[in-house]
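Quick note, the sequences are listed as chains A and B, same order.
First residue of the first sequence: 1, per UniProt numbering; consecutive thereafter.
First residue of the second sequence: 1, per UniProt numbering; consecutive thereafter.
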Amino acid sequence: MIMKKKFAALGISAILAAVTLAGCGSNGNEASNSPSASAPAASPSASAPASESASPDTTVKLTGDFEIQYFVGGYGDKWWKKVIADFQAANPDLNVKESGGPKINDQMKPRWIGGNPPDFVYIDGAGLNDRQMVEDGQLEDLTEWLKDAKNVDGDLITDILAQPAQQFDGKVYNIPLVLNSWGVFWNKALFKEKGWTEPTDFQSFLDVSDKIKAAGTTPFIHTGKYPYYINGSILYPAIVSANNNDFTILQDMAANKVEAYESPAVLAALNKIVALRDKGFIDKASIQINHTDSQMLFLQNKDAFIPNGLWLPNEMAKDIPEGFDFGFIPSVTQDAGGKVVANTSTSTVAIAKNGKNKDAAKAFLQFIFSKAQASQWAELSGAPSNIKGDISSSNAPNFVKDAAKYLTDPNTIVIPTITYNADVDKAMMDATDALTISKITPEEWVKRVTDVVKKVSK
Amino acid sequence: MNSGTAKWQRNVFIASFIIPTLLFFGVFTIYPVMQGLYYSFFDWSGMSNQKTFIGLDNFKELYHDPIIWRAIGNDYFLVAGKVIGIMVIATFFAVALTRFGFKMAGFFRSIFFIPNVISVVVIGVLWNFIYNPQIGFLNAFLSLFTKEQVTITWLGFTSHTIWMLLPPAIWAGIGFYMILLIAAIQSVPDSYYEAASLEGASQWRQFRDITIPLVWEQIKVSVLNIMMTTLNGSFVIVWIMTEGGPDNSTQVMGSYLYQMAFRQYHFGYGASIGFIILVLSLITTVILQRLMRQETVEMS
Numbered sequence: 001m002i003m004k005k006k007f008a009a010l011g012i013s014a015i016l017a018a019v020t021l022a023g024c025g026s027n028g029n030e031a032s033n034s035p036s037a038s039a040p041a042a043s044p045s046a047s048a049p050a051s052e053s054a055s056p057d058t059t060v061k062l063t064g065d066f067e068i069q070y071f072v073g074g075y076g077d078k079w080w081k082k083v084i085a086d087f088q089a090a091n092p093d094l095n096v097k098e099s100g101g102p103k104i105n106d107q108m109k110p111r112w113i114g115g116n117p118p119d120f121v122y123i124d125g126a127g128l129n130d131r132q133m134v135e136d137g138q139l140e141d142l143t144e145w146l147k148d149a150k151n152v153d154g155d156l157i158t159d160i161l162a163q164p165a166q167q168f169d170g171k172v173y174n175i176p177l178v179l180n181s182w183g184v185f186w187n188k189a190l191f192k193e194k195g196w197t198e199p200t201d202f203q204s205f206l207d208v209s210d211k212i213k214a215a216g217t218t219p220f221i222h223t224g225k226y227p228y229y230i231n232g233s234i235l236y237p238a239i240v241s242a243n244n245n246d247f248t249i250l251q252d253m254a255a256n257k258v259e260a261y262e263s264p265a266v267l268a269a270l271n272k273i274v275a276l277r278d279k280g281f282i283d284k285a286s287i288q289i290n291h292t293d294s295q296m297l298f299l300q301n302k303d304a305f306i307p308n309g310l311w312l313p314n315e316m317a318k319d320i321p322e323g324f325d326f327g328f329i330p331s332v333t334q335d336a337g338g339k340v341v342a343n344t345s346t347s348t349v350a351i352a353k354n355g356k357n358k359d360a361a362k363a364f365l366q367f368i369f370s371k372a373q374a375s376q377w378a379e380l381s382g383a384p385s386n387i388k389g390d391i392s393s394s395n396a397p398n399f400v401k402d403a404a405k406y407l408t409d410p411n412t413i414v415i416p417t418i419t420y421n422a423d424v425d426k427a428m429m430d431a432t433d434a435l436t437i438s439k440i441t442p443e444e445w446v447k448r449v450t451d452v453v454k455k456v457s458k
Numbered sequence: 001m002n003s004g005t006a007k008w009q010r011n012v013f014i015a016s017f018i019i020p021t022l023l024f025f026g027v028f029t030i031y032p033v034m035q036g037l038y039y040s041f042f043d044w045s046g047m048s049n050q051k052t053f054i055g056l057d058n059f060k061e062l063y064h065d066p067i068i069w070r071a072i073g074n075d076y077f078l079v080a081g082k083v084i085g086i087m088v089i090a091t092f093f094a095v096a097l098t099r100f101g102f103k104m105a106g107f108f109r110s111i112f113f114i115p116n117v118i119s120v121v122v123i124g125v126l127w128n129f130i131y132n133p134q135i136g137f138l139n140a141f142l143s144l145f146t147k148e149q150v151t152i153t154w155l156g157f158t159s160h161t162i163w164m165l166l167p168p169a170i171w172a173g174i175g176f177y178m179i180l181l182i183a184a185i186q187s188v189p190d191s192y193y194e195a196a197s198l199e200g201a202s203q204w205r206q207f208r209d210i211t212i213p214l215v216w217e218q219i220k221v222s223v224l225n226i227m228m229t230t231l232n233g234s235f236v237i238v239w240i241m242t243e244g245g246p247d248n249s250t251q252v253m254g255s256y257l258y259q260m261a262f263r264q265y266h267f268g269y270g271a272s273i274g275f276i277i278l279v280l281s282l283i284t285t286v287i288l289q290r291l292m293r294q295e296t297v298e299m300s
């Protein structure tokens with residue numbers, strides 16, 4: 001019996017290692033898929049935190065073990081450390097374990113496969129995809145619970161969310177924690193110096209790009225190695241603008257409805273990218289470079305516009321030249337006088353279906369989705385949180401406050417978090433790349449993507 | 001009786017070498033390969049705790065997948081390009097550094113070997129900078145000869161971008177095979193060349209009729225090794241430089257495996273690609289060995 005178990009465990013680790021090894025050669029393998037080698041750094045969190053900011057009025061006393069998995073990336077882990085310590089202090093009888101780190105998604109994978117996942121998971125970083133986790137039956141259905149779940153302050157959680165949770169077949173499995181936005185950046189200082197007008201809609205964007213090009217600067221650069229930047233900042237907002245500001249078309253696309261992809265709005269949006277391409281606005285270097293290279297060229301004023309996310313100033317903080325002043329607009333593809341469309345980029349939290357302490361996990365959700373955490377998240381992670389709350393008086397960075405303003409403006413169409421099927425997403429990225437280098441036409445883009453959609457929805 | 005004990009001792013001695021090796025080989029090679037084959041029969045995301053048995057469906061799908069065919073094509077293109085490129089240049093350098101006996105031979109030997117000490121990841125990043133259209137060395141160099149700034153996107157052609165991965169791959173491989181051939185050439189007795197010179201054989205003739213036949217074994221090993229490391233390991237350079245893009249034009253089997261298994265959550269499909277890599281490597285090895293079979297020439 002024991003032998004059998006051992007072999008099963010060995011089998012899982014061996015196959016994961018073997019398949020990568022078979023395909024990848026021996027060194028420099030970025031896969032880092034070696035669950036057998038390193039156990040996750042699970043450690044009981046500090047049991048006696050100094051500060052106790054909230055005192056939840058939980059009627060049931062939480063006991064036992066409670067494990068939280070969180071990926072550490074661009075937003076850091078300061079907020080997680082703080083909020084977990086606070087939660088531990090509020091629930092002294094609960095043994096809170098935190099499993100966090102930049103490689104945590106790979107390290108925890110064998111446990112998800114083995115049916116022994118952590119109780120609570122923050123879905124961010126490579127290797128975790130909410131849609132896939134839902135399809136795999138790994139996440140707890142929160143639809144009913146969320147309907148009348150109140151946070152520790154007694155507010156209804158759904159009321160304080162800036163953006164609602166994504167629905168998968170009408171059900172809710174994960175709640176957005178971070179609220180970031182895609183968009184287009186420029187250097188205000190440069191525009192002022194050269195007398196260029198900041199764009200407000202597609203026509204003004206084209207007009208100023210003409211001027212920029214005439215002045216010898218390339219108007220637009222993106223990262224062709226990761227085409228989701230241009231899809232997220234240009235294509236999807238353009239589709240929504242062309243669809244009379246109705247973003248449900250993107251949700252239909254994510255639900256693999258072929259008609260949505262065949263809509264004229266999609267073609268109209270693709271033709272806007274073609275316009276940029278044919279006018280020679282897109283930097284030819286784009287197709288082969290990664291995000292860092294494109295961002296460097298942008299910071300050196302070699303290119304005037306870059307599609308990116310609001311994390312850009314934070315990400316490049318060390319390389320921003322003196323006098324560089326970020327200008328930002330969530331979308332440039334709307335008609336004159338049309339509403340700005342902000343395509344949000346979120347990271348979500350969820351409860352594992354096979355988790356052992358779901359009560360604690362739900363209590364933790366009630367704990368973190370409270371107003372106090374809105375400014376705490378903004379301060380400690382440098383990104384806007386998905387919790388409604390006034391952060392203007394907090395110590396959050398200025399661009400975070402600006403972004404929050406944009407995302408709560410009634411004149412902005414905010415696209416809620418949408419995750420596409422991974423195959424369809426890849427097909428859209430490849431097709432957009434091919435479109436920008438004149439390899440295919442917009443009609444071929446649609447054909448290619450719908451072929452994949454038909455295949456995955458079978 | 002005595003001989004029986006001796007025989008038994010001999011067997012124990014041999015077994016003490018073979019059994020641990022066999023055990024390790026079994027656990028770390030055979031077992032994973034069998035598991036890989038096993039998983040290729042399932043529809044599994046790689047994250048779920050359930051998987052569905054689908055028989056040969058993954059392989060059927062592979063057959064109809066245009067990207068895997070392109071990946072196989074790219075892999076064999078790299079094999080052919082690297083075998084020709086590396087072997088021609090490495091043999092040339094090896095002969096130049098041994099047969100012509102010029103002063104700086106040792107220095108050049110070290111220089112040519114340097115790329116082998118650098119990690120492939122670093123090589124990929126380095127060549128990314130060389131190929132960079134805006135700040136890259138290659139365009140800057142070409143711009144010296146033209147009036148206008150050259151802005152070729154070396155890694156962004158609509159097709160045939162795979163050609164651009166050949167120079168770094170060849171550059172990275174030369175040193176090792178050069179050393180291998182130098183060792184082989186140095187073991188050829190000088191008297192052969194002296195005799196040939198006396199008979200009036202030209203350098204070319206000496207190279208063709210003495211050097212090549214006598215180092216054929218090393219050439220054969222080198223070719224096989226280049227082929228195997230390329231089919232199994234071209235993943236690294238592709239992933240660092242292009243991630244298979246743009247538009248899958250530089251995809252190789254290894255990178256497509258990674259893409260499918262870990263980016264698009266088709267682990268079973270990825271496992272079946274892994275199995276294809278194994279089978280193709282085996283077949284290619286057998287064919288190449290057949291093709292390169294030659295009477296062994298003995299040095300005495």
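Don't be surprised by glycine CBs; every beta carbon is placed ideally from N, CA and C.
Per DSSP, TYR122(A) forms a beta bridge with which residues?
According to DSSP, which records beta bridges pairwise, TYR122(A) is partnered with TYR70(A), VAL349(A).
Measure the Cβ-Cβ separation of ILE277(B) and ASN232(B) and say whether it is below 9 Å.
Yes, the Cβ-Cβ distance between ILE277(B) and ASN232(B) is below 9 Å.
According to DSSP, what are the bridge partners of LYS168(A)?
Contrary to the premise, residue 168(A) reads as Phe rather than Lys in this sequence. Under DSSP, PHE168(A) shares a beta bridge with LYS171(A).
Does the segment 295–303 of chain A come close enough to the segment 12–24 of chain B to have 3 or more Cβ pairs within less than 8 Å?
The segment 295–303 of chain A, when compared against the segment 12–24 of chain B, does not touch it at the 8 Å Cβ threshold.
Give the residues of chain B in contact with LEU297(A), contact being defined as C-beta atoms less than 9 Å apart.
The CB of LEU297(A) comes closer than 9 Å to the CB of GLN134, ILE135 in chain B, given here in chain order.
Coil, strand or helix - LYS447(A) by DSSP
Looking at LYS447(A) - three-state DSSP - the assignment turns out to be helix.
Among residues of its own chain, excluding the 5 on either side of PHE262(B), which ones have a beta-carbon nearer than 8 Å to its beta-carbon?
Excluding positions up to five away in sequence, the list reads GLY46, GLY270.
Which residues in the same chain as ALA431(A) place their Cβ atom closer than 8 Å to its Cβ, once the five residues preceding and following it in sequence are excluded?
Once the five neighbours on either side are set aside, the close Cβ partners of ALA431(A) are ILE440, GLU444, TRP445, ARG448, VAL449.
Continuous alpha helix (DSSP H) assignments of at least 4 residues falling wholly in the segment 5–65 of chain B:
You should have 31–39, 57–63.
By alpha-carbon positions, which one of MET253(B), GLY106(B), PHE176(B), TYR258(B) ends up nearest to VAL279(B)?
It is MET253(B).
How far does the beta strand (DSSP E) with ASN308(A) in it extend, from its first residue to its last?
Under the DSSP assignment, ASN308(A) falls in the beta strand (DSSP E) whose first and last residues are 303–309.
Coil, strand or helix - LYS150(A) by DSSP
Annotated three-state conformation of LYS150(A) is strand, per DSSP.
How would you list, in chain order, the residues of chain B whose beta-carbon sits under 7 Å from the beta-carbon of ILE415(A)?
What ILE415(A) touches in chain B: nothing, since even the nearest Cβ is about 23 Å away.
List the DSSP bridge partners of ASP180(A).
In the sequence as displayed, the identity of residue 180(A) is Asn instead of Asp. In DSSP, ASN180(A) forms a bridge with SER345(A).
When Cβ atoms are compared, which residues of the segment 102–123 of chain A fall closer than 8 Å to chain B?
Residues LYS109, TRP112, ILE113, GLY114, GLY115.
Which residues does DSSP pair with ILE415(A) in a beta bridge?
Its beta-bridge partners are ASN343(A).
What three-state label does DSSP hand ILE219(B) in the structure shown?
Helix at ILE219(B).
Nearest to LEU62(B) (by Cα), restricted to the options HIS266(B), GLN294(B), SER48(B), THR5(B):
Among HIS266(B), GLN294(B), SER48(B), THR5(B), the Cα nearest to that of LEU62(B) belongs to HIS266(B).
Quick one: list the residues of chain B neighbouring LYS447(A), beta-carbon separation under 9 Å, in chain order.
Within chain B, no residue comes near LYS447(A); the closest Cβ sits about 14 Å away, beyond 9 Å.
ASP247(B) CB to nearest chain A CB: under 9 Å?
ASP247(B) counts as touching chain A.
Backbone CA spacing between SER34(A) and ALA215(A) [nearest angstrom]:
Unreliable positioning characterises SER34(A) in this predicted model, as indicated by a pLDDT of 37, which lies under 50. The coordinate reading is nonetheless provided below. Distance between the alpha carbons of SER34(A) and ALA215(A): 52 Å.
So the candidates are GLY64(A), ASP130(A), ASP359(A), VAL341(A); which of them puts its Cα closest to the Cα of ASP246(A)?
Of GLY64(A), ASP130(A), ASP359(A), VAL341(A), the residue nearest in Cα terms is VAL341(A).
Using only the alpha-carbon positions, how far apart do ILE67(B) and SER272(B) sit?
Distance between ILE67(B) and SER272(B), taken at the CA atoms: about 14 Å.
So which residues on chain A does SER45(B) lean against when the C-beta distance must stay under 8 Å?
Neighbours of SER45(B) across chain A, judged by C-beta separation under 8 Å: GLN132, GLU135, ASP136.
Pull up the CB-CB distance for ASN243(A) and ILE249(A), whole angstroms please, since I reckon it's below 8 Å.
That pair is a contact at about 5 Å.
How many angstroms separate the CA atom of PHE235(B) from the CA atom of LYS358(A)?
Rounded to the nearest whole angstrom, the CA to CA distance from PHE235(B) to LYS358(A) is 41 Å.
Candidates GLY274(B), VAL83(B), THR98(B), LEU126(B), of which the one nearest LEU181(B) by Cα
Measuring from the Cα of LEU181(B), the nearest candidate turns out to be THR98(B).
Simplified DSSP state of PHE185(A), which is helix, strand or coil:
DSSP places PHE185(A) in strand when its eight states are reduced to three.
For the segment 151–159 of chain B and the segment 277–285 of chain A, state whether three or more C-beta atom pairs, one from each stretch, are separated by less than 8 Å.
By the Cβ rule, the segment 151–159 of chain B counts as touching the segment 277–285 of chain A, because three or more pairs are nearer than 8 Å.
9 Å Cβ cutoff met for PRO313(A) and PRO397(A)
In terms of Cβ geometry, PRO313(A) and PRO397(A) form a close pair [threshold 9 Å].
Take ILE71(B) and list the residues in its own chain whose beta-carbon comes closer than 7 Å to its own, dropping the five residues that flank it on each side.
Note on residue identity: the sequence assigns Ala, not Ile, to residue 71(B). If the five residues before and after ALA71(B) are omitted, its C-beta is found closer than 7 Å to the C-beta atoms of GLN251, VAL252, MET253, TYR256, all from its own chain and listed in chain order.
Quick check: is the beta carbon of GLY175(B) nearer than 9 Å to any beta carbon in chain A?
Closer than 9 Å: no.
Span of the alpha helix (DSSP H) holding ILE329(A)?
Per DSSP, ILE329(A) lies in no alpha helix (DSSP H) segment; the continuous beta strand (DSSP E) that holds it begins and ends at 326–329.
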